[in-house]
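The sequence shown begins at 1 in full-length UniProt numbering and counts up one residue at a time.
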Amino acid sequence: MQDPHLQSWSLLDRDHCDSVSGGIKALEASTVRLPIIGGARVEQMNSLVAELTNVSAREHCLLDECKDFLSTTLIPLQVLHCSLRTQVMQVQREPTNKS
1 MQDPHLQSWS
11 LLDRDHCDSV
21 SGGIKALEAS
31 TVRLPIIGGA
41 RVEQMNSLVA
51 ELTNVSAREH
61 CLLDECKDFL
71 STTLIPLQVL
81 HCSLRTQVMQ
91 VQREPTNKS
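(1) Quick one: Cα of Ala26 to Cα of Leu12, how far?
(2) What does the alpha-carbon distance come out to for the pair Val91 and Arg85?
(3) Going straight from the alpha carbon of Phe69 to that of His60, what length do you get?
(4) Which value, in whole angstroms, describes the spacing of the CA atoms of Val79 and Gln87?
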């Protein structure tokens with residue numbers, strides 16, 4: 001009487017093992033593909049980070065050039081401005097000679 005139950009158990013166990021085995025294979029296949037897709041995203045992100053680094057370095061150089069340009073241009077203009085203000089003050093203080 002137990003023999004038919006054991007046979008059906010054996011068939012059920014085999015089906016279960018086949019299903020679990022198929023699930024494991026599908027999971028392994030999808031897991032193996034993940035790093036490739038993730039790796040491509042990482043490669044793209046690394047490329048963008050490298051490009052951002054280059055842009056930042058160029059901007060830093062341009063800012064240094066602007067600072068140098070402004071310092072060489074602005075200082076003489078400030079000196080000229082102070083000189084002109086001094087001249088204006090001197091002219092305003094001079095007594096006018098009215099005859």
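Backbone N, C-alpha and C define an ideal beta-carbon position, used for all residues, glycine too.
From the atom records:
(1) As a working mapping, residue 26 is identified with position 26 in the sequence shown. As a working mapping, residue 12 is identified with position 12 in the sequence shown. Going from the Cα of Ala26 to the Cα of Leu12 covers about 21 Å.
(2) In the sequence shown, counting from the first residue as 1, residue 91 sits at position 91. In the sequence shown, counting from the first residue as 1, residue 85 sits at position 85. Near 10 Å, if we compare the C-alpha coordinates of Arg85 and Val91.
(3) Numbered from 1 along the sequence shown, position 69 holds the residue referred to as residue 69. Numbered from 1 along the sequence shown, position 60 holds the residue referred to as residue 60. Taking the straight line joining both Cα atoms gives about 14 Å.
(4) The sequence position of residue 79 within the sequence shown is 79, counting from 1. The sequence position of residue 87 within the sequence shown is 87, counting from 1. Spanning the two alpha carbons is a distance of roughly 12 Å.
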